[in-house]
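Numbering (this note's numbering), first residue to last: 5 to 171. Using N, Cα and C, we set each Cβ at its ideal position, and we do this for glycine too.
What follows is the structure in structure tokens.
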């Protein structure tokens, strides 16, 4: 249970290290994380922590690239070629991980857009009486034509009335 915020990986150089009596080590990037730990907050319930984001499916939690980061406590004899291959593999793994994370984010956004669209459709169905019907160009033309016809008819009536008054 380490309270890690989203910026932990960028801020891990600074911060506070807390070692418990059972030799368990806790690293905090800033005082916010340290204070939350002292208040015994559950990291899976605090929204800004990595634990919350992973447990609620907001971040990529299960991936084969994470297995390659584990510590190996087996001493290995120095070999220049091995180190070069390892560094090359680390760069490649980072590329793969960033692509997978981007893909994961796109899928989350796509799912969110579908839910948003469904909610919008429900709201439109509920309040359909507030929406004005779509007017086509033909209907606009017919309405304008009817108005001009009415004006002409009114003018003719006025002319006939004026002509009758003079008789």
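Which listed residue (the options) has its alpha carbon closest to that of residue i
i, options, result
"residue 104", "50, 48, 28 and 64", "64"
"residue 21", "32, 27 and 28", "32"
"residue 71", "97, 91 and 59", "97"
Cβ-based neighbour list, residue i, same chain, cut-off 6 Å, excluding 5 preceding and 5 following
i, result
"residue 101", "69"
"residue 23", "29"
The ligand GTP heavy atom lying under 7 Å from the CB of residue i
i, result
"residue 45", "For the ligand GTP, the structure offers nothing, since it holds no ligand at all."
Reduced DSSP secondary structure (H/G/I, E/B, other) of residue i
i, result
"residue 31", "strand"
"residue 109", "helix"
"residue 90", "helix"
"residue 66", "coil"
Residue i versus residue j: straight-line alpha-carbon distance, rounded
i, j, result
"residue 125", "residue 114", "17 Å"
"residue 150", "residue 143", "10 Å"
"residue 39", "residue 18", "16 Å"
"residue 160", "residue 147", "20 Å"
"residue 3", "residue 36", "Residue 3 lies beyond the residue range present for the chain, which begins at 5 and ends at 171; the question has no answer from this structure."
Same chain, Cβ closer than 7 Å to residue i, neighbours up to 5 away in sequence not counted
i, result
"residue 5", "For residue 5, the pLDDT reaches just 47, beneath the cut-off of 50, and the residue's location in the model is therefore unreliable, leaving the point undetermined."
Close-in-space but distant-in-sequence residues of the same chain around residue i (CB under 8 Å, 5 per side omitted)
i, result
"residue 128", "135"
Inter-stretch contact at 8 Å, needing at least 3 Cβ pairs: the region 49–63 / the region 72–91: Contact between the region 49–63 and the region 72–91 is absent, because fewer than three Cβ pairs lie under 8 Å.
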